[in-house]
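Trainee:
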Amino acid sequence: MASNSFGTLFRITTWGESHGKAIGVVIDGCPAGIEIDNFSISEELNSRAPGKSVYTSPRIEPDQPEILSGVFEGKTTGAPISILIYNKNADSTKYAPIKDLLRPGHANYTFLEKYGIFDYRGGGRASARETACRVAAGAIAKKFLKHYNIDVLAYIKQIGEIDAIIAPSDTPLLRSQISNSPINCPDPKATQLISALIEKTKSEGDSVGGLVEFFIPSLPVGLGDPVYEKIEAKLASAMLSIPASKGFEIGSGLKSVAMFGSSHNDAFICKNGEVRTETNHAGGTLGGITTGMPVIGRVAFKPASSIKLPQKTLTLNKEEKTFQLPEGSKHDPCVAIRAVPVVEAMVALVLADSILLNRSSKL
Ligand SMILES: Cc1cc2nc3c(=O)[nH]c(=O)nc-3n(C[C@H](O)[C@H](O)[C@H](O)COP(=O)(O)O)c2cc1C
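Add 1 to the 1-based position in the sequence shown for the numbering used here, that's all there is to it.
Spelled out as structure tokens, the structure:
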């Protein structure tokens, strides 16, 4: 199975299955001298963990990261960093009764066709458990970005038809609003409405989709390369690699379709001696290269596939069957909420890699 690595210079490789003994990540190319401790990685992992509110899966995943290599006396050494996370709450028995059924919206059909074998316990390699490794690696990428005063924020922008009103500018305020919301949404009114929607959806045995917005308030000009490695192309690739992601947009995104050049073009202005733009429909990039304006984008997540309602499916022998989740199965009613820290981590990994790559741009 190829393609378990992401990034060019700041490169991660993840391994493990959700119901195996452990999962982990190796980070290659992380510069030496970055202060790292288990606590800051745990904190990030905590923000991804389920079981913290009624709006996410009641599964308990007590993720304790263990740094096995690449860190000495609290600092990265430049050697590969290896982080291990044991799977402590994996109940594989729930999956045995459905192992011969194609799970609607899940990967067992395509994995079986492609590899001829599938680890049905929790989805194996296709499981979103893998995203814990991305979050652990993202914690280190964020530390690296701190040296450049780069912050990455992600939050819920929309769930179902409920749109949050957010004007991302003041980063500390936004950060505290996000962490005060049980659904990672900085708009208190939308938080209330969305929470009620999720409770209703859950009680009906269904799930609901959501939109996660990411915001990078300040970035140097020049990250990203033209043609195939445009910064938005790298962000899109990172975002669309997250399980359940179905769409990506940057700046005015899909809304650009209904605009005219006269209103979409961002006028250049000089602010405190720096080139800036009056508006930011471009989302902080031109020609695939960061402009120095905030980078803003959005990722659409589908409703979770595992729902309590009965669904039409086939057995592995192509016989028609009704798919019913086994009693006591624990799933997210809205994956977008738990995807928020994963989006932040993937943005941080793209930026860390782009900063290192940018060192070869000119003399
Ligand atoms: C953080 C996170 C948690 C997830 N939790 C669930 C879940 O509880 N139930 C579910 O059906 N899908 C969940 N998913 C999505 C599935 O892993 C994903 O839909 C499935 O593996 C099929 O892959 P695809 O949707 O990318 O095609 C989650 C995704 C993320 C990012």
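Just so you know, even glycine gets a beta-carbon here, dropped at the ideal spot from N, CA and C.
Fair warning: this is a prediction, and the values are worked out from it, not measured in the lab.
Please list the segments of the beta strand (DSSP E) lying wholly inside the region 239 to 304, counting only runs of 3 or more residues, in order along the chain.
Mentor: Runs of the beta strand (DSSP E) inside the region 239 to 304: 246 to 251, 269 to 272, 275 to 278 and 296 to 302.
Trainee: Can you have a look at Ala40 and say buried or exposed, based on whether 16 or more other CB atoms are within 10 angstroms of its CB?
Mentor: Position 39 of the sequence shown, counted from the first residue, corresponds to residue 40. This sequence places Phe at residue 40; Ala is not what is there. That one is exposed.
Trainee: Between which two residues does the alpha helix (DSSP H) containing Phe112 stretch?
Mentor: Position 111 of the sequence shown, counting from 1, holds the residue named residue 112. Residues Asn109 to Tyr116.
Trainee: Cα-Cα, which of Val341, Thr78 and Asn359 is closest to Cys186?
Mentor: Position 185 of the sequence shown holds residue 186. Nearest C-alpha to Cys186: Val341.
Trainee: Quick one: give me the first and last residue of the alpha helix (DSSP H) that Gly139 is part of.
Mentor: To locate residue 139, count along the sequence shown from 1; it is residue 138. Gly139 -> alpha helix (DSSP H) spans Thr132 to Lys147.
Trainee: Smallest Cα separation from Tyr96: which of Gly124, Ile118 and Leu69?
Mentor: Taking the sequence shown and counting its residues from 1, one reaches residue 96 at position 95. The option with the nearest alpha carbon to Tyr96 is Gly124.
Trainee: How about His20: is its Cβ closer than 7 Å to a heavy atom in ligand 1?
Mentor: Position 19 of the sequence shown, counting from 1, holds the residue named residue 20. Result no, Cβ not under 7 Å from ligand 1.
Trainee: Count the C-beta pairs between the region 13 to 29 and the region 118 to 137 that are closer than 8 Å, then say yes if the count reaches three, no if not.
Mentor: Yes: at least three Cβ pairs fall under 8 Å.
Trainee: What would DSSP say about Lys331, mapped onto helix, strand or coil?
Mentor: The residue labelled residue 331 in the question sits at position 330 within the sequence shown. Lys331 falls in the coil class under three-state DSSP.
Trainee: Which one of Gly21, Glu36 and Asp333 has the shortest CA to CA distance from Lys143?
Mentor: Position 142 of the sequence shown holds residue 143. Closest option to Lys143, Cα to Cα, is Glu36.
Trainee: Secondary structure at Gln325, three-state DSSP: helix, strand or coil?
Mentor: Within the sequence shown, residue 325 is the residue found at index 324, counting from 1. Coil, per DSSP.
Trainee: Any heavy atom of ligand 1 closer than 7 Å to the Cβ of Arg299?
Mentor: Sequence index remark: in the sequence shown, residue 299 carries index 298 (1-based). For ligand 1, not one heavy atom lies less than 7 Å from the Cβ of Arg299.
Trainee: Relative to the C-alpha of Lys363, which residue among Gly223, Thr94, Thr278 and Ser242 is closest?
Mentor: Along the sequence shown, one-based indexing puts residue 363 at 362. Answer by Cα proximity: Gly223.
Trainee: So is Asn203 buried or exposed if we call it buried at 16+ other beta carbons inside 10 Å?
Mentor: Residue numbering aside, residue 203 sits at position 202 when the sequence shown is read from its first letter. Per the sequence shown, residue 203 should be read as Lys rather than Asn. Buried, since its Cβ has 16 or more Cβ neighbours within 10 Å.
Trainee: Report yes if the C-beta of Thr15 is less than 7 Å from at least one heavy atom of ligand 1; otherwise report no.
Mentor: Residue 15 sits at position 14 when you count from the first residue of the sequence shown. Incorrect: Thr15 has no Cβ contact closer than 7 Å to ligand 1.
Trainee: Rounded to a whole number of angstroms, what is the C-alpha to C-alpha distance between Arg176 and Asn318?
Mentor: Start at 1 with the first residue of the sequence shown, and residue 176 comes out as number 175. Start at 1 with the first residue of the sequence shown, and residue 318 comes out as number 317. In a straight line, the C-alpha of Arg176 is about 50 Å away from that of Asn318.
Trainee: Kindly list the residues whose CB is nearer than 8 Å to the CB of His265, restricted to its own chain and excluding five residues on each side of it in sequence; keep chain order.
Mentor: In the sequence shown, the residue the question calls residue 265 occupies position 264. Contacts found: Ser253, Ser257 and His282.
Trainee: With three or more C-beta pairs closer than 8 Å as the rule, is the region 60 to 67 touching the region 110 to 123?
Mentor: No, because fewer than three Cβ pairs between the region 110 to 123 and the region 60 to 67 fall closer than 8 Å, the two stretches do not touch.
Trainee: Leaving out five residues on either side along the sequence, give the residues of the same chain with a beta carbon under 7 Å from the beta carbon of Phe216.
Mentor: In the sequence shown, the residue the question calls residue 216 occupies position 215. Closer than 7 Å at Cβ, skipping near neighbours: Leu154, Pro169, Pro295 and Ile297.
Trainee: Is it buried or exposed, Met347, if we count other Cβ atoms within 10 angstroms and call 16 or more buried?
Mentor: Numbered from its first residue, the sequence shown carries residue 347 at position 346. Buried is the call here.
Trainee: For the alpha helix (DSSP H) containing Asp354, name the first residue and the last one.
Mentor: For the purposes of this step, residue 354 is taken as the residue at position 353 of the sequence shown. Counting along the chain, the alpha helix (DSSP H) containing Asp354 begins and ends at Val336 to Asn359.
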